[in-house]
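**Student:** Anchor point for the sequence shown: position 101 equals 101 in UniProt numbering, and the numbering is continuous, going up by one each time.
No residue lacks a Cβ here, since even glycine has one placed at the ideal position from N, Cα and C.
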Amino acid sequence: MKTQLTVRGNVATAPRRVVTDSGMVIAEFRLAATERHFNRQTQEWEDGNTSWYTVSAFRRLAENIFRSFSVGDPVIVTGKLSIKQWTSKDESKRGTTPELTADSAGHDLLLGFTDFTRYTKTKPQVVEETYEEDGPLVEHGWEEPEPMTA
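#1: Taking the beta carbon of ALA27 as the centre, do at least 16 other beta carbons fall within 10 Å, making it buried, or is it exposed?
#2: Does the Cβ of VAL75 have 16 or more other Cβ atoms within 10 Å, making it buried, or fewer, making it exposed?
#3: What residue does the beta strand (DSSP E) around PHE38 start on, and which one ends it?
#4: Can you tell me which of the three DSSP states GLU63 falls into?
#5: Determine the extent of the beta strand (DSSP E) in which PRO98 is found, giving its start and end residues.
#6: So, does the region 109-120 touch the region 12-23, judging by three or more C-beta pairs under 8 Å?
#7: What are the boundary residues of the beta strand (DSSP E) that LEU81 is part of?
#8: Assuming THR50 is part of the beta strand (DSSP E), what are its boundary residues?
#9: Please report the residue range of the beta strand (DSSP E) in which LEU5 lies.
#10: Using 8 Å as the threshold, is the region 25-43 in touch with the region 64-73, meaning 3 or more CB pairs across them?
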C-alpha cells in the first residue's frame, strides 16, 4: 500500500532527466526536508533532523521539474510514498530509502516568488534525428511557453 504525502523541503541534487526508449520522460532528484523549531532561550530558529527523499516524476511533470528546479530551491512535492529496502552489492550495507512518486510539485511560495509559464496545446509534430544531451528530443505537442499575464 502506498501513502499519499506532501513534503516541504529543498532540492538537494540537480534533477536528472531520462528519456526511455518509448519516449517517456522521467526526472529524479533528492529532496531534503529539515525540521525547524524556535528556541525561546536564544530567540532564534534552529535546524532539527533532516529527512531525505528520492523524488521521481514522469511525463510532463518530469519535464517541467527538470526545466524549473535547481539545487537549493525550496519546493513542495505531493505524491505517493513507498519505502524501499536495499542491500549493497557486497551485502556489507543495508538500508531503507523513502521514495516519493510525485503527482504534483512546485516552488514553496512562502519563501519567495516565481514566474509561472503555461504551455499551450498544439498538434503533435514529429521530430526526426534531433537529439538533446540526455537522448532524443521528444515532441509532446506543447508550444514554447508564454508568460502568464493578469
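**Tutor:** Walking through what the data contain:
#1: In the sequence shown, residue 27 corresponds to position 27, counting from 1. Buried, because 16 or more other Cβ atoms sit within 10 Å of the Cβ of ALA27.
#2: The count along the sequence shown starts at 1 and reaches residue 75 at position 75. By the neighbour-count rule (16 or more Cβ atoms within 10 Å), VAL75 is buried.
#3: The sequence position of residue 38 within the sequence shown is 38, counting from 1. Here the beta strand (DSSP E) through PHE38 covers 25-39.
#4: Here residue 63 refers to the residue found at position 63 of the sequence shown. Helix at GLU63.
#5: Sequence index remark: in the sequence shown, residue 98 carries index 98 (1-based). From DSSP, the beta strand (DSSP E) with PRO98 extends over 94-107.
#6: no
#7: Stepping through the sequence shown from its first residue, residue 81 is reached at position 81. Run containing LEU81: 74-87, per the beta strand (DSSP E) assignment.
#8: As a working note, residue 50 is residue 50 in the sequence shown. Element bounds for THR50: 44-58.
#9: Sequence index remark: in the sequence shown, residue 5 carries index 5 (1-based). Start and end: 3-11.
#10: yes
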